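In the UniProt record's numbering, the protein residues as written are 1 to 131.
Some notes on the structure that comes next.
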């Protein structure tokens, strides 16, 4: 079980408060896979810093970035799991602050990437070379 996660994009490290990554595969009427897997949509809640790099990434629809998540074990700082993404777009951005809760100022972002690699297991999307 992990107790700490960090997201690094362009040498900027952020504390991850919440993380979700989903993929799916369409099925036929008998629930057999009927299409190639798709998805790899990463939804993440990070603690905000004074940097505007995530906001800048979101407002530039042609900008792609590479990054990685590291999930650490409870025993200290040994790595439990890693996820790397390449040629990724930020397709959703939302900032939040609530003065009456324990969470810091935060940003929710959604990342879609051409390539996702989880501990050496790679998933590539069949995207055209340019949009």
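From the three backbone atoms N, C-alpha and C, an ideal C-beta is built for every residue, glycine too.
In this text, all values refer to a predicted model and were calculated from it rather than measured experimentally.
The C-alpha of residue 95 lies about 42 Å from the C-alpha of residue 30. Between the beta-carbon of residue 16 and that of residue 24 there is about 23 Å, and that puts the pair past the 8 Å contact cut. One thing to note: residue 45 has its Cβ no nearer than 8 Å to the Cβ of residue 93. By the beta-carbon neighbour count (other beta carbons within 10 angstroms, threshold 16), residue 70 is buried. Here the alpha carbons of residue 18 and residue 128 stand approximately 31 Å from one another.
Here the C-alpha atom of residue 50 lies approximately 15 Å from the C-alpha atom of residue 108. For residue 58, same chain residues with a beta-carbon under 6 Å away, outside a window of 5 residues either side, are 90, 93 in chain order. Annotated three-state conformation of residue 22 is strand, per DSSP. Residue range 121 to 124 is occupied by the beta strand (DSSP E) that includes residue 121.
In the three-state reduction of the DSSP assignment, residue 77 falls in the coil class, being assigned neither a helical nor a strand state. Under the rule that a run must span 4 or more residues, no alpha helix (DSSP H) segment is found entirely inside the region 87 to 121.
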